[in-house]
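So the structure is just underneath, and the comments pick up after that.
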Amino acid sequence: MLGRVLVVGDAIEDRYHFGKATRLCLEAPVPIVEWKSREIHRGGACLVAEQLKEIIGKKNVLEAYGSLSRKNRYYADGHMVLRADEDSISKPPEFFDTHIEMVMGLKDVTAVIVSDYGKGALCESLAQKIIAGGKPVFVDAKHSWQWYQGAFCAFPNKFEGIGTGKRLESSNLFSHIVRKNSSAGCIVDGEEVAAYRAGELRDGTGAGDNFLAAFVASYLRTENLKVAARFANMVAGISVTHIGTHVVRPNEIPVPPAPSQPQPQAVIEHEPEVRPARRDHGSDVIAAQVD
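Counting the sequence shown from 1 gives a position; the numbering used here is that position plus 32.
This is the structure we're talking about:
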């Protein structure tokens, strides 16, 4: 069942500014920070796509981004002191819906991942077109879950639902629900799957995106939700041992896993490709560019 996968959603550019606090400001009770370095990483749907490429190969991933946002995180002496967001810098390009429908019509596209951060890439009409496209849809949304009724699998966070006091599990909107349960792992259709402990938890930013990509990659190979969940927990567990969003490379994944860990089925198909933190989107981007 493994073929090409289309990733649709909101592009996020995660910027990390690192420095050293030298003294307190006389104008306000804040530190004065001398900036030393900056890193730029792909986030949101872009991170999903990057992680997916590491697992199934770049040629098997198509990307379509309808918006761009930036998140600026400022660190002083290893501690984050400020986050400044620039939301919806760009909007969906003209004919974005048409692009999506054309790509979904390709015979070798076997699945669609939707990463909807609510920044403007998706709307209800486009969501319904994606669901009606006849391909299994794996969706992680921050809002408006009803838009995606009929999707194959939904990935809510621990407390996300569709209204006050009502959880997605009782909605009958999706064939399957995999609830990301933070450091406790995940819950697959009501059954818990334990987390993977790779080391010290340093930063959970983007772990849900790593999880989503790894889950879909494994499921398309194995067609087993539990196996996919264990592999996704492993990839997410490795990602949180790094500061900032992190793409887990094949050489970071233990093979075979430690005896005390579950036995996730690895789906890595290629050797790791070394890339700098800031990267172009590649030739497979079919819509709005991030840079």
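Note that the Cβ used here is the ideal one computed from N, Cα and C, for glycine as well.
- Non-local beta-carbon contacts of Ala143 in its own chain, meaning distances under 7 Å to residues more than five positions away in sequence, involve Val37, Lys167, Pro168, Phe170, Val248 and Leu252 in chain order.
- Residue state for Ala239 is assigned as helix, using DSSP reduced to three classes.
- Per DSSP, Tyr228 has no beta bridge partner at all.
- Under DSSP, Tyr106 forms a beta bridge with His49 and Leu114.
- Going by DSSP, Glu82 is part of the alpha helix (DSSP H) stretching over Ala77 to Ile88.
- DSSP, reduced to helix, strand and coil, places Ser203 outside both helices and strands of the structure shown, so it counts as coil.
- Taking a cut-off of 8 Å on C-beta distances, the stretch 120 to 131 touches the stretch 97 to 111, as three or more cross pairs fall below it.
- For Ala264, the enclosing alpha helix (DSSP H) stretches over residues Leu257 to Ser271.
- Sequence-distant partners of Ala53 (beyond 5 residues in either direction) whose C-beta falls short of 6 Å from its own C-beta, in its chain, are Pro63, Val65, Ala108 and Asp109.
- Three or more Cβ pairs closer than 8 Å define a contact, and the stretch 157 to 167 meets that threshold against the stretch 176 to 189.
- Non-local beta-carbon contacts of Gly240 in its own chain, meaning distances under 6 Å to residues more than five positions away in sequence, involve Lys212 in chain order.
- Each of Ile87, Tyr48, Gly75 and Pro61 was checked against the Cα of Met266, and the nearest Cα belongs to Ile87.
- Contact check between the stretch 69 to 84 and the stretch 144 to 153: three or more CB pairs, one atom from each, fall below 8 Å, which counts as touching.
- Sequence-distant Cβ neighbours of Ala173 in its own chain, meaning closer than 6 Å and more than five residues away, are Asp148.
- The Cβ atoms of Thr237 and Gly269 do not sit closer than 8 Å to each other.
- The C-beta separation of Asp46 from Ala153 comes to about 17 Å, leaving the pair out of contact by the 8 Å criterion.
- Per DSSP, the unbroken beta strand (DSSP E) holding Lys212 starts and ends at His208 to Lys212.
- For Ser147, the enclosing beta strand (DSSP E) covers residues Val141 to Asp148.
- In the DSSP assignment, Ser101 is bridged to Ile44.
- Closest in C-alpha terms to Glu71, from the list Leu138, Leu84, Gly35 and Gly51, comes Gly51.
- Within its own chain, the residues whose Cβ lies closer than 6 Å to the Cβ of Tyr48, once the five positions on either side in sequence are excluded, are Glu71, Arg105 and Gly276, listed in chain order.
- By the CB criterion at 8 Å, Val141 and Leu205 fall outside the cutoff.
- Of the residues Arg115, Ala159, Val113 and Asp117, the one whose Cα lies closest to the Cα of Glu133 is Ala159.
- For the set Arg199, Lys190, Arg262 and Lys85, the Cα lying nearest the Cα of Val225 is the one of Arg262.
- Phe170: member of the beta strand (DSSP E) spanning Val169 to Ala173, first to last residue.
- Shown here for Ser214: same chain residues with a beta carbon closer than 7 Å to its own, the five before and five after excluded, namely Lys190 in chain order.
- Here Lys85 has Val93 as same chain residues with Cβ atoms under 6 Å from its own Cβ, once five neighbours each way along the sequence are excluded.
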